[in-house]
Amino acid sequence: MKQPLLHKTLRVYVLFSLAILFVMAPLFYFTIESLYLEEADETLELRKKDFEKASQPILSIAEIARWNTYNRDQEIIQNHRNIENERIFSEILFDSLNQEYEPFRILQSPISIEGQPFLFTARLNMVETEDLIESIAGVFLGLMLVLLLGFYWITKRLSTRLWRPFYETLHTIETFEIDKKQSVHFSETNLDEFSRLNQAIEKLIARNTAIYNSQQEFIENAAHELQTPLAVFQGKVELLSQEPDLNENQSKILIQLNESVSRLSKLNKNLLLLSRIENQQFQQKETVFWPDILEKNLDFFREQAEHKQISLHWQTSEPTPVLAHPFLAEILFTNLWSNALKHNIKGGQISIDLQAHAFVFSNTGNPEPLPSDKLFQRFFKSNPSDSGTGLGLAIVQRIVELYGWRIAYHFEDGRHFFTVCY
Amino acid sequence: MKILLIEDELALAESILAYLKGHDFVCDYAHNLETAQDKILEFQYDCIVLDLMLPDGNGFDLLKMVKKAQKTDGIILISAKDGLETRIEGLTLGADDFLTKPFHLSELMARVWAIIRRKNFAGNNRLVFQEITLDLLAKTVFVHQKPIELTKKELDLLLYLIGNAQKVLSKASIAEHLSGDMADMLDNHDFIYTHIKNLKKKLSEAGSQDYIKTVYGLGYKWQA
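One line per chain: the protein sequences are A and B, in this order. Here the numbering used here is used: the first residue of the first sequence is 362, the next is one more, and so on. Here the numbering used here is used: the first residue of the second sequence is -17, the next is one more, and so on.
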């Protein structure tokens, strides 16, 4: 699955931001926490120094109990465990004020009062500190999040704006069709790269269109120029046929010449028609109703079908009228009809089904399916020795494309189906 | 009957002239617009066959001139251009018929006849060939004054054959004539055999001579 360019950049940004968030948040938390511990330790140290300086020199053993009563977070106790070095540690203790267990930072320092060893203890409730850390981390996270969202939004907006000329260009190219004779115009952009891109594409399209047009013109002119010599050819053959006393051999040659010139003239007509469709010479549109076309040509095709002993069936189920050039619509319909007849077998069948938004021609014929990828190409012939022009289905395809309809071929139960959806 | 052919392609003009000549036609020929103009102003023609693309101008201009001079000559346009617009423009300007190159000489002949009949037998469009009489308005055929039943195609075929009497008509030209606009959709011409057979049968049953001759391989011929 292909993803849009903007998604790609934005995804990289978002991934990067999330990574930063996940790495930085704990790092930040622990840094702040260690800073606060340091701060707490210093406070405890200060209290100890204060004690040593102010209280210790004048304190007597008898007064210790009383001193302890007045100092809630400081205590002098017996040095039962013979602690020799001062130590600081964290511990969860029961806080009588809050009536719950809370984290404390505790300093224990051996002292001597009246020559007796005692232990000075100072403690600091860390609950507020933790709250503070949490708040700071929260604010930090929030800030980070807002920053990232802003970053995302700005990138999105900016990229969209920056890339807009690109998307416009893309859209113009996507809707461009060389055979539609439309002029291509790119909107102005002040970005150098896009401006260059547009110019390059404009040049490319102009060049291609010129080549395409001159080819089309060439085909049309060539076909036109061929009409007169063909007329001369045909006239001479016809004149020669009038000669009295033609022998069998001469007659045979004349028949073959006749066939060739008639094939040549059909080919030329079809080439002309194809190039005229491509040169947009059928602009006019009228309401066309398929059953009318069917009826109009019924006699002709019925006669042809009878001659090949082919049975012809048709059914209509509320087909909708379409807007098209009446001549082209008829060519489309009769070409398919004629194909169904031409490539049929003696005693075969043709069915025409006119539906609401499609019509289907199906016919018996070659028991093998036709190559649907090549079928609509110019000069494709299922049977190379076929005397047809090989342009019939190419013309059908061009007309279908011209009106934005669709044509499909499939093979089922020994029948060839051509479906035109409109 | 006088016919003027205006065509710059000499080889084609020669063929047309040679084909038309045997049929009680007096043919005049002009290879460009200027000569054609002089001839049209000087003489009266029953039918003018006019090529649209001429070295010194457009056939439409000549058509306009003919109509302006209130000439009643019938006009058939022939053109290498098969545009629907060209056809419509020509007919709007007053041409009687339009034929796209390449065409069968026999088809041109049939069209010339149609125009001449329309001009000369105004109101009473009857064609008589010995014991056969065609009433083209009522679309009925009489053999020895007795009407016979012909289908539309058979009548068309009979008219085509008589119009090209003494000429060998190829199967292709007959098939294309009978199919009209649908001629391009034909993939073989064998179906005309049935029509020929039926026409022959109906004519002979009514006591007509057998004028339709089969010319080996090439086609058919109406021979008196």
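Ideal placement from N, C-alpha and C gives every residue a C-beta, glycine not left out. This structure is a prediction, so every number in the text was calculated from the model and none was measured.
Kindly list, in the order they appear in chain B, the residues whose Cβ is closer than 9 Å to that of residue i.
i                      : result
residue 612 of chain A : 197, 198, 199, 200
residue 344 of chain A : This structure cannot speak to residue 344 of chain A, because chain A is shown only from 362 to 783.
residue 749 of chain A : 169
residue 636 of chain A : Neighbours of residue 636 of chain A on chain B: none; closest Cβ ~12 Å, over 9 Å.
One question on the structure: do residue i and residue j come within less than 8 Å of each other, judged by their Cβ atoms?
i                      : j                      : result
residue 784 of chain A : residue 755 of chain A : Look at the range of chain A in this structure, 362 to 783, and you will see that residue 784 of chain A is not part of it.
residue 722 of chain A : residue 680 of chain A : no
residue 2 of chain B   : residue -5 of chain B  : no
residue 685 of chain A : residue 649 of chain A : yes
residue 668 of chain A : residue 173 of chain B : yes
residue 615 of chain A : residue 601 of chain A : yes
residue 711 of chain A : residue 666 of chain A : yes
residue 113 of chain B : residue 126 of chain B : yes
residue 425 of chain A : residue 474 of chain A : yes
residue 464 of chain A : residue 440 of chain A : no
residue 715 of chain A : residue 672 of chain A : no
residue 676 of chain A : residue 708 of chain A : no
residue -10 of chain B : residue 55 of chain B  : no
residue 371 of chain A : residue 541 of chain A : no
residue 529 of chain A : residue 556 of chain A : no
residue 591 of chain A : residue 622 of chain A : yes
residue 437 of chain A : residue 428 of chain A : yes
residue 704 of chain A : residue 743 of chain A : yes
residue 130 of chain B : residue 29 of chain B  : no
residue 96 of chain B  : residue 588 of chain A : no
Closer than 7 Å by beta-carbon distance: list the chain A residues that pair up with residue i, in chain order.
i                      : result
residue -2 of chain B  : 596
residue 62 of chain B  : 585, 588, 589
residue 142 of chain B : The premise fails here: residue 142 of chain B is roughly 14 Å from chain A at the closest Cβ pair, so nothing lies under 7 Å.
residue 161 of chain B : 661
residue 173 of chain B : 664, 665, 668
Residues of chain A with CB closer than 8 Å to the CB of residue i, please, in chain order.
i                      : result
residue -6 of chain B  : 589, 592, 593, 596
residue -16 of chain B : What residue -16 of chain B touches in chain A: nothing, since even the nearest Cβ is about 21 Å away.
residue 88 of chain B  : 599
Does residue i get closer than 8 Å to chain B when you measure Cβ to Cβ?
i                      : result
residue 616 of chain A : yes
residue 779 of chain A : no
residue 725 of chain A : no
residue 627 of chain A : yes
residue 602 of chain A : yes
residue 664 of chain A : yes
residue 630 of chain A : yes
residue 742 of chain A : no
residue 703 of chain A : yes
residue 550 of chain A : no
residue 688 of chain A : yes
residue 699 of chain A : yes
Who are the neighbours of residue i on chain B, taking C-beta pairs under 7 Å?
i                      : result
residue 788 of chain A : Residue 788 of chain A lies beyond the residue range present for chain A, which begins at 362 and ends at 783; the question has no answer from this structure.
residue 647 of chain A : Here the premise fails: no neighbours, minimum Cβ distance about 13 Å.
residue 633 of chain A : 64
residue 623 of chain A : 154
Cβ of residue i less than 8 Å from any chain A Cβ?
i                      : result
residue 193 of chain B : no
residue 222 of chain B : The displayed coordinates of chain B run from -17 to 206. Any statement about residue 222 of chain B would go beyond what the structure contains.
residue 131 of chain B : no
residue -9 of chain B  : yes
residue 11 of chain B  : no
Going along chain A in order, which residues have a C-beta closer than 9 Å to the C-beta of residue i?
i                     : result
residue 27 of chain B : The premise fails here: residue 27 of chain B is roughly 21 Å from chain A at the closest Cβ pair, so nothing lies under 9 Å.
- Three or more C-beta pairs closer than 8 Å, one from the region 66 to 77 of chain B and one from the region 30 to 49 of chain B: is that the case here? yes
- Determine, using beta-carbon pairs with one atom in the region 184 to 202 of chain B and one in the region 140 to 157 of chain B, whether at least three such pairs fall under 8 Å. yes
- Query: Counting pairs of beta carbons, one from the region 754 to 769 of chain A and one from the region 634 to 646 of chain A, are three or more of them closer than 8 Å?
  - Reply: yes
- Message: With three or more C-beta pairs closer than 8 Å as the rule, is the region 162 to 172 of chain B touching the region 690 to 704 of chain A?
- Response: yes
- Task: Check whether the region 18 to 36 of chain B touches the region 572 to 580 of chain A, taking contact to mean three or more Cβ pairs, one atom from each stretch, closer than 8 Å.
- Result: no
- Task: Mind the definition here: the region 547 to 555 of chain A touches the region 568 to 576 of chain A only if three or more C-beta pairs lie below 8 Å; say whether that holds.
- Result: no
- Message: Would you call the region 618 to 632 of chain A in contact with the region 106 to 120 of chain B, where contact means no fewer than 3 C-beta pairs closer than 8 Å?
- Response: no
- Ordered list of alpha helix (DSSP H) runs contained in the region 655 to 723 of chain A, each at least 4 residues: 687 to 703
- Task: Taking only runs that begin and end inside the region 44 to 111 of chain B, name each unbroken beta strand (DSSP E) of 3 or more residues, in chain order.
- Result: 56 to 61, 79 to 82, 108 to 111
- Inspect the CB distances between the region 648 to 663 of chain A and the region 605 to 621 of chain A and report whether three or more fall short of 8 Å. no
- At least 3 beta-carbon pairs within less than 8 Å: the region 362 to 381 of chain A vs the region 498 to 518 of chain A: yes
- Message: Between the region 490 to 497 of chain A and the region 407 to 420 of chain A, can you find at least three pairs of beta-carbon atoms closer than 8 Å?
- Response: no
- Item | Meets three-Cβ-pair contact criterion under 8 Å: the region 385 to 403 of chain A and the region 496 to 504 of chain A | yes
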